[in-house]
Amino acid sequence: MSRSVLALAALTLLSFGVDAFAEGDARRGAQAYRACVACHALEPSLHLSGPSLDGFMGRMAGTAEGFVRFSPGLKDAGFSWNAAALDGWLKDPMGMIPGTYMMFRGIDDPQARADLVAFLEIAGQPGGGRKVVDEGLIPAGWLRAGAPEPIGDPPPEMRVTAIRHCGDSYFITTDDGRETPYWEKNIRLKIDSVETGPPSGVALILGAGMGGDRFSVIFSSLADLDHLVTESCEAR
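Counted the way my numbering counts, the sequence shown spans residues 3 to 238.
Rendered as structure tokens:
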């Protein structure tokens, strides 16, 4: 990371001293946190589009065990998360760390930022998610945010045993013995390598979309995708 970018981050942090903050209200901040739920969980180690926010306060920016998608600028920023840093970040993430991967324009209103900072100072401690639930600040469902629940034991018609691609189509065989053709643009191949994903060696097909003709096929690993998907116009 260039010295100029590091200097910019340092100057940004210095410009947000504690004395400049409005007094935050954690309960109001909990309502503002609703916008964060799309990308962040508060359950420990549950990473979504963004990292879990459990225990992030006081931690070095650009670090979270098990999360590997931080931007180079954030990984090299060299500061720890505190109220001042968080206020600057929430005001203008891209201005504070150019090239950040967080697609969030920022919060202009100082009071709204102060409220959200007050909430995150509680929720962002280790185990803080459970604390804000117990205090009635957020519903328990927000701890996992948008993470799917583990599928458990899927029925045979959801368990994919083979996929062959031919022309513009996928022919998907499920554990009930049926092979069904789908237009290739209506199928999304995905990997879920954590506990919410399918068992090793099996993929799952799930409906995706309002029209009833879009589906996601979810694999537990890249190796399973490579094994289960073939290019063939002949039925197995």
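Where a beta carbon is used, it is the ideal one built from N, C-alpha and C, also for glycine.
Could you give the distance in angstroms between the alpha-carbon of residue i and the alpha-carbon of residue j?
i	j	result
residue 28	residue 144	16 Å
residue 45	residue 132	8 Å
residue 172	residue 183	6 Å
residue 231	residue 102	35 Å
residue 92	residue 82	15 Å
residue 185	residue 41	30 Å
residue 147	residue 187	28 Å
residue 53	residue 180	39 Å
residue 211	residue 190	11 Å
residue 161	residue 176	5 Å
residue 65	residue 159	41 Å
residue 96	residue 104	8 Å
residue 141	residue 128	18 Å
residue 125	residue 76	21 Å
Whose C-beta lies closer than 7 Å to the C-beta of residue i among residues of the same chain, with five residues either side of it excluded?
i	result
residue 226	202, 203, 205
residue 112	24
residue 26	116, 117, 119, 120
Residue i: buried (16+ other C-beta within 10 angstroms of its C-beta) or exposed?
i	result
residue 55	buried
residue 115	buried
Using C-beta distances below 6 Å, list every residue in its chain close to residue i, excluding the 5 sequence neighbours before and after it, in chain order.
i	result
residue 216	188, 210
Open item on the list: Tell me whether the region 72–87 and the region 152–162 touch, counting them as touching only if at least three CB pairs, one residue from each stretch, are closer than 8 Å.
Closed with: no
Open item on the list: Report the start-end ranges of each beta strand (DSSP E) in the region 77–139 that is 3 residues or longer and not cut off at the edges.
Closed with: none
Open item on the list: So within the region 173–233, which uninterrupted alpha helix (DSSP H) runs reach at least 4 residues, ignoring any that extend past its ends?
Closed with: 224–230
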